[in-house]
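Colleague: Sharing a structure with you now.
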Amino acid sequence: MQLIMEGVNVFLFMFSLVKALFSVHVSLQGLVLGVFEKEGEEDSHHLTEAAAGFDQSLSGKLSELLKISGPPLKKGKSRVFYGLHKDFPCVAVVGLGKNNAGVCGAENWDTSKENIRQAVSAGCRSLQDLDVNRVEVDGCGDAQSAAEGAVLGLFQYDQLKSKKKTKVTAQLHGSANLVAWEKGVVYAEGQNLARLLMEAPANHITPTAFANIIEEKLAPHAEQVTINKRSQAWIEEQQMGAFLSVSKGSEEPPVFLELHYNGSPDRSQAPLVLVGKGITFDSGGISLKPSSSMDAMRADMGGAATVCASVVTAAALKLPVRIIGLAPLCENMPSGKATKPGDVVKAKNGKTIQVDNTDAEGRLILADALCYGHTLNPRAIVNVATLTGAMDVALGSAATGVFTNSDWLWDVSAPVLTNHVCICVCVVWRMPLFEHYTRQVTDCQLADLNNIGKYSRSGGACTAAAFLKEFVTAPHWAHLDIAGVMGNKDEIPYLRKGMSGRPTRTLVEFAAGLAQYKNL
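The numbering of the sequence shown is the working numbering, which starts it at 1 and goes up by one.
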């Protein structure tokens, strides 16, 4: 008992000392170490290799403190100790759950990787709350996942606040698996770029500002990247009447952003074309949305954000692939010039569209972008869009809905995609593209197509996909409706509340995996 009281007194003394150091804003370094759930009845914890080495250097003091400081650490929880080591005034020990938990077939993700992300993010945040600005992180047996947990978990959009979170620099503890750590950092920074673009207010991320930010991010990779910021005059020359019908209600000029990443040594390789919906603010137009939660429509360019961020990430990783990213960017606003319900517009491929709901605008700008994408000799086209509230209703935030005309893309490429979904934890679910839905958009009174289904809200995500299919002739096309995964409340613990940036990492892994198929 006396030993425990002495330990408590030392702990309180060191805590007050560390707190005093914080008050004078001394640059402090913290350490995050992992511990697994006990394996036997007698074990209270099982330290990772790095944690065991640290404990040995302290003659077992960390293990001793873990035993007397409370019950065993639960998965995703952290406990901070002070004054254990002269180089690390604060040490956060985090619960990793069961060792080698592996892939969960029912959930279609790697539980071990997910546990590491959650735990590391919890540890980094607990140290960030103590104003620690440099953190070394235990790789926990998977340095890439640890890096992703640290970098994703520490991100917060507070650029416009006077009081900001402490900026924390995270690095790997030790030199083992440094390559995997650096890869995880690049992946997480890519998703954080998408989060930043989606979270920022619409008056800061206009179409022009969006394009300029992406140009700036790609500047270090100028040798492998070509950027074309197409103006309204070019859009008009391309006869993109559907795109222009959306943009004309706003004072902000539209931009058609075109990114070419040439990382493949085979210059004859056909590119993967990624198309992202880029509505930088969606008021609904004349079919005005309710004011409640309209502010979230600053993220209606989530498709463009994830597509462009994935191109930036691919370039940073120097992936041996060719990718073309297309982002039609504009606002959807009401004005005297705005498209009115019942108006008929003509798309780039000559098809006419009766616009009965101006709030179904994403499919209009994607229609012209898809038509343009076909002129680039694509090996496959994948479009990404926060397209329908119906998808959120159908799948919620659990999965991205995928519609495709290609069994090859699903049955052959999907093993690549689903394997990497296990890595990246952005689950996908195939949705139907029945003729039943096509008939609902082609049965139109005034034009070739209607931009909403004849039965209104019924099967809304499916009729939207069927509409897009009318602008696709490529044999390998997929449409990802990411409306349900646009934001994060508390579903993914290592992402703070706000815009999620999903599925940026999955798009990058998909592009990398698709490169192995030479016969497409």
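A virtual CB, placed ideally from N, CA and C, is assigned to each residue, including glycine.
Please tell me whether Lys75 and Asn115 are closer than 8 Å, where the distance is taken between their beta carbons.
Modeller: The sequence position of residue 75 within the sequence shown is 75, counting from 1. The sequence position of residue 115 within the sequence shown is 115, counting from 1. Yes, they are a contact pair.
Colleague: In three-state DSSP terms, what is Glu6?
Modeller: Start at 1 with the first residue of the sequence shown, and residue 6 comes out as number 6. In this predicted model, Glu6 has a pLDDT of only 47, less than 50, meaning its place in the structure is not dependable; the value taken from the coordinates is given anyway. If DSSP states are grouped into helix, strand and coil, Glu6 belongs with the helices.
Colleague: Between Val137, Val186, Val94 and Asp359, which lies nearest to His45 when the distance is taken from Cα to Cα?
Modeller: Along the sequence shown, one-based indexing puts residue 45 at 45. Nearest C-alpha to His45: Val94.
Colleague: Return the chain-ordered ranges of every beta strand (DSSP E) run that is complete within the stretch 448-495 and spans a minimum of 3 residues.
Modeller: Counting whole runs of 3 or more residues, the stretch 448-495 contains the beta strand (DSSP E) stretches 477-481.
Colleague: Quick test of the definition: if touching needs 3 or more C-beta pairs under 8 Å, does the stretch 175-183 touch the stretch 220-229?
Modeller: With the cut-off at 8 Å, the stretch 175-183 and the stretch 220-229 do not touch.
Colleague: Here's the rule I'm using: 16 or more other beta-carbon atoms within 10 Å means buried, otherwise exposed. How should Trp429 be labelled?
Modeller: The sequence position of residue 429 within the sequence shown is 429, counting from 1. Result: exposed.
Colleague: The alpha helix (DSSP H) spanning His260 covers which residue range?
Modeller: For the purposes of this step, residue 260 is taken as residue 260 along the sequence shown, with counting starting at 1. Premise fails: His260 lies in the beta strand (DSSP E), Val255 to Asn262, not in any alpha helix (DSSP H).
Colleague: How far does the beta strand (DSSP E) with His85 in it extend, from its first residue to its last?
Modeller: Mapped onto the sequence shown, residue 85 falls at position 85. Run containing His85: Ser78 to His85, per the beta strand (DSSP E) assignment.
Colleague: Is it buried or exposed, Gly163, if we count other Cβ atoms within 10 angstroms and call 16 or more buried?
Modeller: The residue given as residue 163 occupies position 163 in the sequence shown. Note that residue 163 is Lys in the sequence shown, not Gly. It is exposed - the Cβ of Lys163 has fewer than 16 other Cβ atoms within 10 Å.
Colleague: Can you have a look at Lys113 and say buried or exposed, based on whether 16 or more other CB atoms are within 10 angstroms of its CB?
Modeller: Numbered from 1 along the sequence shown, position 113 holds the residue referred to as residue 113. So Lys113 counts as buried.
Colleague: So for Leu28, helix, strand or coil by DSSP?
Modeller: Along the sequence shown, read from residue 1 onward, the residue named residue 28 stands at position 28. Correct three-state label for Leu28: coil.
Colleague: If I'm right that Lys348 touches Gln440 with Cβ under 8 Å, what's the distance once you round it to whole angstroms?
Modeller: Indexing the sequence shown from 1 puts residue 348 at position 348. Indexing the sequence shown from 1 puts residue 440 at position 440. Not quite, the Cβ-Cβ distance comes to about 23 Å (not below 8 Å), so this is no contact.
Colleague: One question on the structure: do Val273 and Leu329 come within less than 8 Å of each other, judged by their Cβ atoms?
Modeller: To locate residue 273, count along the sequence shown from 1; it is residue 273. To locate residue 329, count along the sequence shown from 1; it is residue 329. The answer is no: Cβ separation not under 8 Å.
Colleague: What are the boundary residues of the alpha helix (DSSP H) that includes Thr438?
Modeller: Indexing the sequence shown from 1 puts residue 438 at position 438. Here the alpha helix (DSSP H) through Thr438 covers Glu435 to Thr442.
Colleague: Can you give me the start and stop residues for the beta strand (DSSP E) that Lys229 sits inside?
Modeller: Reading the sequence shown from its first residue, position 229 is the one you call residue 229. Run containing Lys229: Val225 to Arg230, per the beta strand (DSSP E) assignment.
Colleague: Can you tell me where the alpha helix (DSSP H) holding Phe155 begins and where it ends?
Modeller: Walking along the sequence shown from the start, residue 155 turns up at place 155. Here Phe155 belongs to no alpha helix (DSSP H), and DSSP marks it neither H nor E.
Colleague: I need the DSSP call for Pro89, collapsed to helix, strand or coil.
Modeller: If you number the sequence shown from 1, residue 89 lands on position 89. It is a strand residue.
Colleague: Taking the alpha-carbon positions, what's the Tyr187 to Ala176 distance?
Modeller: Residue numbering aside, residue 187 sits at position 187 when the sequence shown is read from its first letter. Residue numbering aside, residue 176 sits at position 176 when the sequence shown is read from its first letter. Answer to the nearest angstrom: the Cα atoms are 19 Å apart.
Colleague: So, with DSSP's three-state summary, where would you put Ile286?
Modeller: In the sequence shown, residue 286 corresponds to position 286, counting from 1. Residue state, collapsed to three classes: coil.
Colleague: Under the rule that 16 or more other beta-carbon atoms within 10 Å means buried, what is Asp110, buried or exposed?
Modeller: Sequence index remark: in the sequence shown, residue 110 carries index 110 (1-based). Asp110 is buried by the Cβ-count criterion.
Colleague: Determine the extent of the alpha helix (DSSP H) in which Val544 is found, giving its start and end residues.
Modeller: The chain is shown from 1 up to 520; residue 544 falls before or after that span and cannot be answered.
Colleague: Within 10 Å of its beta-carbon, does His173 have 16 or more other beta-carbons around it, so buried, or fewer, so exposed?
Modeller: By 1-based counting over the sequence shown, the position of residue 173 is 173. The residue in question, His173, is buried, as its Cβ has 16 or more Cβ neighbours within 10 Å.
Colleague: Measuring CA to CA, which of Thr388, Leu160 and Leu73 is closest to Gly302?
Modeller: Your numbering for residue 302 matches position 302 in the sequence shown. Among Thr388, Leu160 and Leu73, the Cα nearest to that of Gly302 belongs to Thr388.
Colleague: What does the Cβ neighbour count give for Ser458, buried or exposed, with the cut at 16 atoms within 10 Å?
Modeller: Counting from one through the sequence shown, the residue named residue 458 turns up at place 458. Exposed, by the Cβ-count rule.
Colleague: Given 8 Å as the limit, is there contact between the stretch 192-211 and the stretch 67-82, that is, 3 or more CB pairs closer than that?
Modeller: In short, these stretches do not touch, since the Cβ pair count stays below three.
Colleague: Comparing C-alpha positions only, which one of Pro493, Ala299 and Gly83 sits nearest to Asn203?
Modeller: Along the sequence shown, read from residue 1 onward, the residue named residue 203 stands at position 203. Among Pro493, Ala299 and Gly83, the Cα nearest to that of Asn203 is on Ala299.
Colleague: Taking the C-alpha atoms as reference points, what is the distance between His85 and Leu58?
Modeller: Mapped onto the sequence shown, residue 85 falls at position 85. Mapped onto the sequence shown, residue 58 falls at position 58. Going by the C-alpha atoms only, they are around 8 Å apart.
Colleague: Find out if the Cβ-Cβ distance for the pair Val321, Leu480 is shorter than 8 Å.
Modeller: Counting from 1 along the sequence shown, the entry for residue 321 is found at position 321. Counting from 1 along the sequence shown, the entry for residue 480 is found at position 480. No, the pair does not count as a contact, with Cβ atoms beyond the cut-off.
Colleague: On the DSSP letters alone, give me the boundaries of the beta strand (DSSP E) that Lys346 sits inside.
Modeller: Within the sequence shown, numbered from 1, the residue matching residue 346 stands at position 346. That run of the beta strand (DSSP E) goes Asp343 to Lys346.
Colleague: Tell me, please, which residues DSSP counts as bridged to Pro328.
Modeller: Position 328 of the sequence shown, counting from 1, holds the residue named residue 328. Paired residues: Phe256.
Colleague: With distances taken from CA atoms, which of Lys248, Asp282, Ile323 and Gly498 is nearest Ser268?
Modeller: Taking the first residue of the sequence shown as 1, we reach residue 268 at position 268. If we check each option's Cα against that of Ser268, Ile323 comes out closest.
Colleague: Give a yes or no on whether the C-beta atoms belonging to Arg496 and Gln191 are separated by under 8 Å.
Modeller: Taking the sequence shown and counting its residues from 1, one reaches residue 496 at position 496. Taking the sequence shown and counting its residues from 1, one reaches residue 191 at position 191. Going by C-beta atoms, Arg496 is not nearer than 8 Å to Gln191.
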